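Student: As numbered in our numbering, the sequence shown has no gaps in its residue numbers, which increase by one up to the final residue, 188.
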Amino acid sequence: GDTTTIDVEFINTIFVGDNVVINVELNKKVNGTVTLHVGNDNYTVIVNDGVGSYTVSDLINKTYDISASFAGDVNFTESKSQIKTLEVNKKLTNITVEFITPVNVGENVVITIKLNESVNATAKLRIGEDIVDVAIVNGQGTYATAALANGTYSINATFAGDDKYVGSTSDIKSLEVNKISTDVKVV
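#1: Using the Cα positions of ASN95 and ILE128, report the straight-line distance between them to the nearest angstrom.
#2: Kindly indicate which three-state DSSP category VAL75 falls into: helix, strand or coil?
#3: Excluding five sequence neighbours on each side, which residues of the same chain lie with their C-beta closer than 7 angstroms to the C-beta of VAL111?
#4: Here's the rule I'm using: 16 or more other beta-carbon atoms within 10 Å means buried, otherwise exposed. How should GLU26 be labelled?
#5: Rounded to whole angstroms, how far is the Cβ of VAL89 from the Cβ of ILE156, which I believe are closer than 8 angstroms?
#6: Please report how far the alpha carbon of GLU130 lies from the alpha carbon of ILE67, in whole angstroms.
#7: Provide the residue(s) that pair with ASP164 in DSSP beta bridges, ordered along the chain.
#8: How many Å lie between PHE16 and ILE23 at the Cα?
#9: Do PHE77 and THR14 have their C-beta atoms within less than 8 angstroms of each other?
#10: If the criterion is Cβ atoms closer than 8 angstroms, does the pair GLN141 and THR113 meet it?
#11: Put ALA148 into one of helix, strand or coil per three-state DSSP.
#12: Are ILE163 and ILE61 touching if we call contact CB-CB under 8 angstroms?
#13: Can you name, in chain order, every residue of its own chain whose Cβ lies under 6 angstroms from the Cβ of THR102, other than the five neighbours on each side?
#14: Which of the three DSSP states, helix, strand or coil, is assigned to THR6?
#15: Spell out whether any CB of chain B is found under 8 angstroms from the CB atom of GLY142.
#16: In or out: ILE137 buried (at least 16 other Cβ within 10 Å) or exposed?
#17: Pick out the complete beta strand (DSSP E) segments inside the region 4-45, 3 residues or longer, and give them in chain order.
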(Lines of atoms letter the chains of each structure in order from A and count residues from 1; the text may use other names and numbers.)
(Lines give C-alpha, C1' and ligand atoms only; values in the text may rest on other atoms or scores of the structure.)
Protein backbone atom coordinates (compact mmCIF):
# COMPACT_ATOMS: atom_id res chain seq x y z
CA GLY A 1 0.00 0.00 0.00
CA ASP A 2 0.87 3.67 -0.05
CA THR A 3 3.04 5.08 2.71
CA THR A 4 0.99 5.89 5.79
CA THR A 5 1.96 8.81 8.00
CA ILE A 6 0.65 9.54 11.47
CA ASP A 7 0.75 12.71 13.57
CA VAL A 8 -0.11 13.65 17.17
CA GLU A 9 -1.41 17.10 18.14
CA PHE A 10 -2.03 18.53 21.62
CA ILE A 11 -1.57 21.63 23.74
CA ASN A 12 2.09 21.31 24.69
CA THR A 13 1.95 22.91 28.15
CA ILE A 14 -0.54 22.06 30.91
CA PHE A 15 -0.65 22.12 34.71
CA VAL A 16 -0.63 19.16 37.10
CA GLY A 17 -4.24 18.04 37.49
CA ASP A 18 -5.30 19.17 34.01
CA ASN A 19 -6.41 16.69 31.37
CA VAL A 20 -4.85 16.80 27.92
CA VAL A 21 -6.65 15.81 24.73
CA ILE A 22 -4.30 14.18 22.24
CA ASN A 23 -5.51 14.07 18.64
CA VAL A 24 -4.17 11.41 16.31
CA GLU A 25 -4.35 11.87 12.55
CA LEU A 26 -3.29 9.58 9.73
CA ASN A 27 -2.94 10.70 6.12
CA LYS A 28 -5.21 7.85 4.98
CA LYS A 29 -8.84 7.01 5.73
CA VAL A 30 -7.86 4.31 8.19
CA ASN A 31 -10.53 2.67 10.36
CA GLY A 32 -9.07 0.74 13.27
CA THR A 33 -6.78 1.46 16.17
CA VAL A 34 -3.47 3.17 16.82
CA THR A 35 -1.31 2.98 19.93
CA LEU A 36 -0.68 6.24 21.74
CA HIS A 37 2.57 6.41 23.73
CA VAL A 38 2.56 8.87 26.67
CA GLY A 39 5.78 8.57 28.63
CA ASN A 40 5.95 4.89 29.61
CA ASP A 41 2.21 4.30 29.19
CA ASN A 42 0.40 3.05 26.09
CA TYR A 43 -3.25 3.70 25.20
CA THR A 44 -5.37 2.28 22.40
CA VAL A 45 -7.06 4.97 20.31
CA ILE A 46 -9.94 4.13 17.99
CA VAL A 47 -9.50 5.82 14.61
CA ASN A 48 -12.33 6.53 12.16
CA ASP A 49 -11.47 7.86 8.71
CA GLY A 50 -7.92 8.37 9.93
CA VAL A 51 -8.79 10.52 12.94
CA GLY A 52 -9.04 9.77 16.66
CA SER A 53 -8.48 11.39 20.03
CA TYR A 54 -7.71 10.34 23.57
CA THR A 55 -7.92 12.23 26.87
CA VAL A 56 -5.08 11.60 29.31
CA SER A 57 -5.42 12.55 32.99
CA ASP A 58 -3.45 12.28 36.25
CA LEU A 59 -0.15 13.46 34.75
CA ILE A 60 2.55 14.49 37.19
CA ASN A 61 5.02 17.40 37.08
CA LYS A 62 7.47 16.37 34.36
CA THR A 63 8.08 16.36 30.60
CA TYR A 64 6.42 13.53 28.67
CA ASP A 65 7.43 12.20 25.27
CA ILE A 66 4.28 11.57 23.23
CA SER A 67 3.98 9.64 19.99
CA ALA A 68 1.65 7.26 18.18
CA SER A 69 2.15 4.12 16.17
CA PHE A 70 -0.03 2.31 13.65
CA ALA A 71 0.61 -1.41 13.11
CA GLY A 72 -0.64 -1.34 9.54
CA ASP A 73 -3.38 -3.47 8.04
CA VAL A 74 -4.35 -5.09 4.74
CA ASN A 75 -4.55 -1.71 2.98
CA PHE A 76 -2.11 0.53 4.83
CA THR A 77 1.54 0.37 5.86
CA GLU A 78 2.73 0.59 9.44
CA SER A 79 3.77 4.01 10.68
CA LYS A 80 5.23 5.81 13.68
CA SER A 81 4.77 9.50 14.42
CA GLN A 82 7.48 11.92 15.40
CA ILE A 83 7.93 12.30 19.16
CA LYS A 84 6.56 15.54 20.61
CA THR A 85 6.91 16.74 24.17
CA LEU A 86 4.30 17.72 26.73
CA GLU A 87 5.31 19.91 29.67
CA VAL A 88 3.27 19.36 32.82
CA ASN A 89 3.99 22.25 35.18
CA LYS A 90 3.21 22.96 38.80
CA LYS A 91 0.69 25.73 39.42
CA LEU A 92 1.98 28.99 40.85
CA THR A 93 0.72 30.00 44.28
CA ASN A 94 0.11 33.28 46.04
CA ILE A 95 0.08 33.14 49.84
CA THR A 96 -1.27 35.99 51.97
CA VAL A 97 -1.75 36.69 55.69
CA GLU A 98 -4.61 38.74 57.16
CA PHE A 99 -5.27 39.93 60.70
CA ILE A 100 -6.61 42.92 62.61
CA THR A 101 -4.08 45.34 64.09
CA PRO A 102 -3.59 46.90 66.58
CA VAL A 103 -4.80 44.70 69.45
CA ASN A 104 -4.34 44.91 73.18
CA VAL A 105 -2.28 42.54 75.32
CA GLY A 106 -4.44 39.53 76.20
CA GLU A 107 -6.76 39.92 73.22
CA ASN A 108 -7.20 37.03 70.85
CA VAL A 109 -5.31 37.53 67.58
CA VAL A 110 -6.65 35.52 64.64
CA ILE A 111 -4.31 35.24 61.65
CA THR A 112 -5.78 33.91 58.41
CA ILE A 113 -3.54 32.40 55.75
CA LYS A 114 -4.91 32.19 52.21
CA LEU A 115 -3.54 30.18 49.27
CA ASN A 116 -5.00 28.85 46.01
CA GLU A 117 -8.36 27.33 46.92
CA SER A 118 -7.45 23.77 45.95
CA VAL A 119 -4.35 23.60 48.17
CA ASN A 120 -4.40 21.18 51.11
CA ALA A 121 -1.05 21.37 52.85
CA THR A 122 0.86 22.90 55.76
CA ALA A 123 2.16 26.46 55.83
CA LYS A 124 4.77 27.94 58.15
CA LEU A 125 3.53 31.06 59.95
CA ARG A 126 6.15 33.39 61.41
CA ILE A 127 5.09 35.62 64.30
CA GLY A 128 8.12 37.64 65.34
CA GLU A 129 10.75 35.03 66.22
CA ASP A 130 8.32 32.11 66.48
CA ILE A 131 7.31 29.78 63.66
CA VAL A 132 4.22 27.59 63.82
CA ASP A 133 2.73 25.08 61.39
CA VAL A 134 -0.76 25.92 60.16
CA ALA A 135 -2.93 23.39 58.32
CA ILE A 136 -4.25 24.74 55.02
CA VAL A 137 -7.54 23.15 53.97
CA ASN A 138 -9.11 24.12 50.65
CA GLY A 139 -6.68 27.04 50.44
CA GLN A 140 -7.22 28.54 53.88
CA GLY A 141 -5.97 28.15 57.42
CA THR A 142 -6.17 30.11 60.67
CA TYR A 143 -4.04 30.47 63.77
CA ALA A 144 -5.23 32.12 66.97
CA THR A 145 -3.28 33.23 70.02
CA ALA A 146 -3.91 35.49 73.00
CA ALA A 147 -0.40 35.06 74.40
CA LEU A 148 1.43 37.89 72.62
CA ALA A 149 3.25 40.39 74.81
CA ASN A 150 3.36 44.13 74.18
CA GLY A 151 5.36 44.91 71.03
CA THR A 152 5.41 44.95 67.25
CA TYR A 153 5.58 41.61 65.46
CA SER A 154 6.61 40.92 61.88
CA ILE A 155 4.24 38.32 60.46
CA ASN A 156 4.39 36.33 57.26
CA ALA A 157 3.66 32.85 55.94
CA THR A 158 5.55 30.43 53.70
CA PHE A 159 4.27 27.50 51.66
CA ALA A 160 7.06 25.14 50.60
CA GLY A 161 5.20 23.78 47.61
CA ASP A 162 4.30 20.17 46.83
CA ASP A 163 3.88 17.83 43.87
CA LYS A 164 1.22 20.10 42.32
CA TYR A 165 2.14 23.60 43.46
CA VAL A 166 5.15 25.91 43.43
CA GLY A 167 5.93 27.36 46.86
CA SER A 168 5.48 31.00 47.81
CA THR A 169 6.10 33.45 50.65
CA SER A 170 3.76 36.23 51.70
CA ASP A 171 4.66 39.86 52.21
CA ILE A 172 5.67 40.78 55.76
CA LYS A 173 3.02 42.64 57.73
CA SER A 174 3.30 44.25 61.17
CA LEU A 175 1.08 43.40 64.13
CA GLU A 176 0.98 45.88 67.01
CA VAL A 177 0.15 44.57 70.46
CA ASN A 178 -0.46 47.46 72.84
CA LYS A 179 -0.52 47.67 76.60
CA ILE A 180 -3.96 48.18 78.03
CA SER A 181 -4.40 51.83 78.93
CA THR A 182 -5.53 52.51 82.49
CA ASP A 183 -7.22 55.62 83.82
CA VAL A 184 -5.66 56.75 87.07
CA LYS A 185 -7.97 58.74 89.31
CA VAL A 186 -6.58 60.82 92.10
CA VAL A 187 -8.91 60.89 95.07
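For glycine and all other residues, C-beta sits at the position ideal for the given N, C-alpha and C.
If you're wondering where the values come from, they're calculated on a predicted model, not measured in any experiment.
Tutor: In this structure, then:
#1: 19 angstroms
#2: coil
#3: PHE100, THR143 and ALA145
#4: buried
#5: Contact doesn't hold; Cβ gap of about 34 angstroms is too wide.
#6: 49 angstroms
#7: For ASP164, which the question treats as bridged, DSSP gives no partner whatsoever.
#8: 15 angstroms
#9: no
#10: yes
#11: coil
#12: Correcting the residue identity first, residue 163 is Asp in this sequence and not Ile. It is not a contact, given that the beta carbons lie outside the stated cut-off.
#13: LEU176 and GLU177
#14: coil
#15: In the structure shown, chain B does not exist; there is a single protein chain.
#16: buried
#17: 7-10, 14-16, 21-27 and 33-39
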